[in-house]
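S.K.: Under my numbering, the first residue of the sequence shown carries the number 7, and numbering increases by one thereafter.
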Amino acid sequence: MENKDTSLYDYARIPLKHADIVEKLTLEEKASLCSGKDMWHFRGVERLGVPEVMVTDGPHGLRKQAEGQVVLNQSVNATCFPTAVTTACSWDEELLEEMGETLSEEAVCEGVRVVLGPGVNIKRDPLCGRNFEYFSEDPYLAGKMAAALVRGIQKNGTGACLKHYCANNQEYYRMSISAEVDDRTLREIYLAPFEIAVKEGGARTVMCAYNRLNGVYGSENPLTLNEILRGEWGFKGLTMTDWGATCDRVKGAAAGMDVEMPSSGGMNDKKLVKAVRDGELDERVLDVIADRVIDLALTSPKRKEGGYDVEAHDKIVRKVACGSAVLLKNDGMLPLDEEEKVLYIGHMTVKPRFQGAGSSFINAHKITSVADALGDRKLRFAYEPGYDLDGKIKQEKLFEQACELAAKYKKIVIMAGLPPKYEAEGFDRKHMRLPDEQNELIERVCAINPNVAVVLSGGGAMEMPWIDKVRAVLFTGLSGQASGAATVDLLYGYENPSGKLAETFPVKYADVPSSKYFPGKRYLTEYREGIYVGYRYYSTAGVPVLFPFGHGLSYTQFEYSDLALSASSVKEGDSVDVTFTVANTGKRDGAEVAQIYVSHPSTTTFQPAYELKGSIKVKLAAKESRRVTVTLPARAFQSWNTREGEWAADSGEYVVKVGSSSADIRLEKSISVTAARERKTSSAGGWYAHPSEQAVTDDDFAALLGRPLSKEKELPEKGSFTMDDCFNDMAGQSRLARLIIKASRGIICMQMHAPKDDPNCTMMHEVMITTPVRSLSYSSQGMFNERMAEGLLTMLNGHLFKGLWQIIKNIGKR
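1. How would you call T728, buried or exposed, if buried means at least 16 neighbouring beta carbons within 10 angstroms?
2. Buried or exposed for T591, going by 16 or more other Cβ atoms inside 10 Å?
3. Would you kindly report the start and end of the unbroken beta strand (DSSP E) that includes F564?
4. Out of curiosity, what's the CA-to-CA distance linking G490 and V458?
5. Specify, as a first and last residue, the run of the beta strand (DSSP E) that L244 falls within.
6. With distance defined between alpha-carbon atoms, name the residue in E317, M769 and E469 nearest to E177.
7. From N174 to E99, what distance separates their C-alpha atoms?
8. How far does the beta strand (DSSP E) with M60 in it extend, from its first residue to its last?
9. Do N217 and I183 have their CB atoms nearer than 7 Å?
10. Cα separation between R633 and F586?
11. Could you tell me the boundaries of the alpha helix (DSSP H) in which E409 lies?
12. Using a threshold of 7 Å, state whether the C-beta atoms of D670 and T609 are closer than that.
13. Would DSSP call D315 helix, strand or coil?
14. Where do the N-terminal and C-terminal ends of the alpha helix (DSSP H) with S545 fall, by residue?
15. Grouping DSSP H, G and I as helix and E and B as strand, with all else coil, what is M769?
16. Between which two residues does the beta strand (DSSP E) carrying L552 extend?
17. Of the residues A600, K593, R528 and V576, which one's Cα is nearest the Cα of S567?
18. Pair every Cβ in the segment 637-644 with every Cβ in the segment 571-585, then say whether three or more of these pairs are closer than 8 Å.
19. Can you tell me whether K686 is helix, strand or coil according to DSSP?
20. Pull the bridge partners of R528 from the DSSP assignment, please.
21. How far does the alpha helix (DSSP H) with M213 in it reach, from first residue to last?
22. Can you check whether the CB of G536 is closer than 7 Å to the CB of E772?
23. Kindly indicate the opening and closing residues of the alpha helix (DSSP H) around W811.
24. Considering only the beta carbon of each residue, do T92 and L102 sit closer than 7 Å?
25. Any idea if N803 is buried or exposed, counting beta-carbon neighbours within 10 angstroms, 16 or more meaning buried?
26. Per DSSP, which residues does Y660 bridge with? Please list them.
27. If you run the structure through DSSP and keep just helix, strand and coil, what is D284?
28. Give the secondary structure of T585 by DSSP, where H, G and I count as helix, E and B as strand, and everything else as coil.
29. From G149 to T776, what does the alpha carbon distance come to, in whole angstroms?
30. Measure the alpha-carbon distance for G312 versus E107 and round it to whole angstroms.
31. Grouping DSSP H, G and I as helix and E and B as strand, with all else coil, what is T728?
32. Let me check understanding here. Comparing Cα to Cα, which of A492, G250 and V204 lies closest to L231?
33. Among G381, G250, A296 and A215, which residue has its Cα nearest to the Cα of G243?
34. Taking DSSP as the reference, what is the three-state secondary structure of K522?
35. Look at the Cβ atom of D735, then the Cβ atom of P722, and state whether they are nearer than 7 Å.
36. Counting Cβ pairs, one atom from each stretch, are 3 or more of them under 8 Å apart for the segment 186-203 and the segment 222-229?
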């Protein structure tokens, strides 16, 4: 069994750092520290000199709500950095640390002590609406990028928060759905990036996810919160719920959930006090939680007066964006000649897509479009919209105007990508395609003039039916407020592209291994593909892809040579140094991401064809070469043994592969590994031994889980609606629920002063109608207390006037 230090979650044995303060707290004060003061503060204890702690979203910029504001898009101005979909493609830990350090400088100036990020969830499926906030389909890369960002944020003492722990890989019913995941997949794919970020980043806080994991809510799961996070990984920081993720507060506290966010208006504080007095909960649990809150308050930096250099931070955004963009294709068209006049087509030329929607939405200090940047550099260009993101102009007219101009220019750049309404927190993408008008525009322009480069913005993989007709494709992701400047830098060769894809771009969505099971049923989503996520599936099943994981071109060329391993044979538990030479053989300075993959021997344990286990970004001048070394830890040769409950290596010949991408291996060498002992292995086989495009059978998935499949619940019937049900669940039988759903959309958009198709409005509406009534009550800070929520349920269950009276008589009560 995996070693656990039980002293890290045995509350009686956990030492208190601030025992002198904790012993002066009343029971009620201890309980109050277990929940937020309001939406964005942890409570303090003024009489004992413990300050409040302000927390804010998000992973790529501060979304600090203006005083008195609660509406999503009304926050103070801040720097909007590139999102994780972009920064992960840098594969550059130093760059991520620099970005984190810059972000934390803004946090200190705004009095923010904890930044709620980064998001470390795996990109299980390209349709997840929040993928733009997550790093990768690969746990090693996601963990390394997250750890680097955390180190940067925390250099000045500001706390970072790893989220959303764990298996939160979709927006569909995220508040209550159960992710059904086998132990090996959970350990190797979904927990691994959090483990790396905790151990190598040292994050001070961790946020639990809304969803259930194998039936247990993330806010009350002792396995993930206590046994694994603390007992195995040694985490000593503070855990918090996502906003409104509390279910049973007493059970959650005992399981390792420290702080409930936001404030429940004292509702759950009273439950904790009662549980202690009734002997249901040891008061020592509250002592430890209070101590962790106090420690965070007393050791995080105070607000720094004087502000920060807005222009300097904008330059960091530009630097990060340049170092992260991926040149997917280049048939000699790029870089462009700065003396030549170029035609730019696409509304995104003047209206850039540079961030996602939802809780991470930033009111940027400034926004630089491609048109702005071209003008700043005094480059000659013409512009034609080609399509209208706002849908106010007839599309055929835009096509005709674009095609007429296309015949008059030698080279054309089409600015395309996913519109904001296609992806956001709160809802998932409906497909993997660009808008039809963009695809048609590209096809029609290419038919007139083949010298076309496409720049793609968006939060994830996209289908490209026109890929053979264009000469170049540059993927910029969502690259922050300086996206336009960075794009121009790259198109004209002022900067050399060096990004590599952090996720596979499939040919079509049907090729995705999870596509048959995503987003799942109402109450269950089954991770039937197991460990075969992303390239692990495509490479093993032999499924062709559009662009492979790790792919990215440059304006120069790189060669690899002279691979050497520190040993030809090792024992389980040993690390291995991988040394090789990378040479820039071209005429431009550039940077190459060298990737190290490991193939396991053929044993009874099923394995992917290969897995990423190391990487290094090597920056080289033209004609320069360098010998580099990457150390593979013992874990690189191990997988999770579900029968033994530990990480284990199989004896045999492993192959270490070094390449420019997962599909472009340049060097390889074998190494023999001897297992520490013989171990029992899982009996799972079938599809997992030979993954294919066929669906996983019930029997194969049950064998993988090691238990019978969970059964999908029936939707609740009117008369039996409970606090765990949401308005969407009730709408089929309740006219009142349908009325609430319809009216709430307009109210939300009115509050946000935004049109009904605004993605932030859509996000807030989806959250409201799919959130359990319980969570709506707990998130209301006491304004919609439990008795009022019960009254609303009474109304929804058919007793209109009885429920209405129950609401009225409990207004304002705590």
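By construction, the Cβ of each residue, glycine as well, lies at the ideal position given by its N, Cα and C atoms. Keep in mind that this is a model prediction, so the values were computed, not measured.
M.R.: Straight from the coordinates:
1. In the sequence shown, the residue the question calls residue 728 occupies position 722. Per the 10 Å Cβ criterion, exposed.
2. As a working note, residue 591 is residue 585 in the sequence shown. By the 10 Å Cβ count, T591 comes out exposed.
3. Counting from 1 along the sequence shown, the entry for residue 564 is found at position 558. First-last of the beta strand (DSSP E) with F564: F564 to L571.
4. The sequence position of residue 490 within the sequence shown is 484, counting from 1. The sequence position of residue 458 within the sequence shown is 452, counting from 1. Whole-angstrom Cα-Cα distance: 18 Å.
5. Within the sequence shown, numbered from 1, the residue matching residue 244 stands at position 238. First-last of the beta strand (DSSP E) with L244: L244 to M246.
6. Position 171 of the sequence shown holds residue 177. Out of E317, M769 and E469, M769 has the C-alpha closest to the C-alpha of E177.
7. Residue numbering aside, residue 174 sits at position 168 when the sequence shown is read from its first letter. Residue numbering aside, residue 99 sits at position 93 when the sequence shown is read from its first letter. Here the C-alpha atom of N174 lies approximately 24 Å from the C-alpha atom of E99.
8. Numbered from 1 along the sequence shown, position 54 holds the residue referred to as residue 60. From DSSP, the beta strand (DSSP E) with M60 extends over V59 to D63.
9. Mapped onto the sequence shown, residue 217 falls at position 211. Mapped onto the sequence shown, residue 183 falls at position 177. In contact: N217 and I183 (Cβ atoms closer than 7 Å).
10. Here residue 633 is taken as the residue at index 627 of the sequence shown, counted from 1. Here residue 586 is taken as the residue at index 580 of the sequence shown, counted from 1. If you take the alpha carbons of R633 and F586, they lie about 6 Å apart.
11. If you number the sequence shown from 1, residue 409 lands on position 403. This sequence places Cys at residue 409; Glu is not what is there. Note, C409: alpha helix (DSSP H), Q401 to A412.
12. For the purposes of this step, residue 670 is identified with residue 664 of the sequence shown, where counting begins at 1. For the purposes of this step, residue 609 is identified with residue 603 of the sequence shown, where counting begins at 1. It is not a contact, given that the beta carbons lie outside the stated cut-off.
13. As a first step, residue 315 is located in the sequence shown; it is residue number 309 there, counting from the start. Coil at D315, not helix or strand.
14. Sequence index remark: in the sequence shown, residue 545 carries index 539 (1-based). Membership of S545 in the alpha helix (DSSP H) is indicated by the continuous run Y541 to A547.
15. As a position in the sequence shown, residue 769 is number 763, starting the count at 1. In this structure, M769 counts as helix in the three-state DSSP scheme.
16. In the sequence shown, counting from the first residue as 1, residue 552 sits at position 546. Per DSSP, L552 belongs to the beta strand (DSSP E) from V551 to F553.
17. Indexing the sequence shown from 1 puts residue 567 at position 561. Of the candidates A600, K593, R528 and V576, the one whose C-alpha sits nearest the C-alpha of S567 is A600.
18. yes
19. Stepping through the sequence shown from its first residue, residue 686 is reached at position 680. Looking at K686 - three-state DSSP - the assignment turns out to be coil, as it is neither helix nor strand.
20. Locating residue 528 in the sequence shown gives position 522, counting from the first residue. Answer is none; R528 lacks a bridge partner.
21. The residue you call residue 213 lines up with position 207 of the sequence shown. Taken as a continuous stretch (DSSP letters only), M213 belongs to no alpha helix (DSSP H), being part of the beta strand (DSSP E) at T211 to C214.
22. Counted from its first residue, the sequence shown places residue 772 at position 766. Counted from its first residue, the sequence shown places residue 536 at position 530. Not in contact: E772 and G536 (Cβ atoms no closer than 7 Å).
23. Translated into the one-based positions of the sequence shown, residue 811 becomes position 805. Counting along the chain, the alpha helix (DSSP H) containing W811 begins and ends at L806 to K815.
24. Here residue 92 refers to the residue found at position 86 of the sequence shown. Here residue 102 refers to the residue found at position 96 of the sequence shown. Not closer than 7 Å, so no.
25. Along the sequence shown, read from residue 1 onward, the residue named residue 803 stands at position 797. Looking at its Cβ environment, which holds 16 or more other Cβ atoms inside 10 Å, N803 is buried.
26. Within the sequence shown, numbered from 1, the residue matching residue 660 stands at position 654. Note: Y660 sits in a beta bridge opposite I677.
27. Along the sequence shown, read from residue 1 onward, the residue named residue 284 stands at position 278. Note: D284 maps to coil in three-state DSSP.
28. Within the sequence shown, numbered from 1, the residue matching residue 585 stands at position 579. If DSSP states are grouped into helix, strand and coil, T585 belongs with the strands.
29. The residue labelled residue 149 in the question sits at position 143 within the sequence shown. The residue labelled residue 776 in the question sits at position 770 within the sequence shown. Going by the C-alpha atoms only, they are around 30 Å apart.
30. Within the sequence shown, the letter at position 306 stands for residue 312. Within the sequence shown, the letter at position 101 stands for residue 107. So the two alpha carbons sit approximately 17 Å from each other.
31. Counting from one through the sequence shown, the residue named residue 728 turns up at place 722. If DSSP states are grouped into helix, strand and coil, T728 belongs with coil.
32. Position 225 of the sequence shown, counting from 1, holds the residue named residue 231. Comparing Cα positions, the closest option is V204.
33. Along the sequence shown, read from residue 1 onward, the residue named residue 243 stands at position 237. Of the candidates G381, G250, A296 and A215, the residue whose Cα lies closest to the Cα of G243 is A296.
34. Sequence index remark: in the sequence shown, residue 522 carries index 516 (1-based). Coil.
35. Numbered from its first residue, the sequence shown carries residue 735 at position 729. Numbered from its first residue, the sequence shown carries residue 722 at position 716. Taking C-beta atoms as the reference points, D735 and P722 count as a pair closer than 7 Å.
36. no
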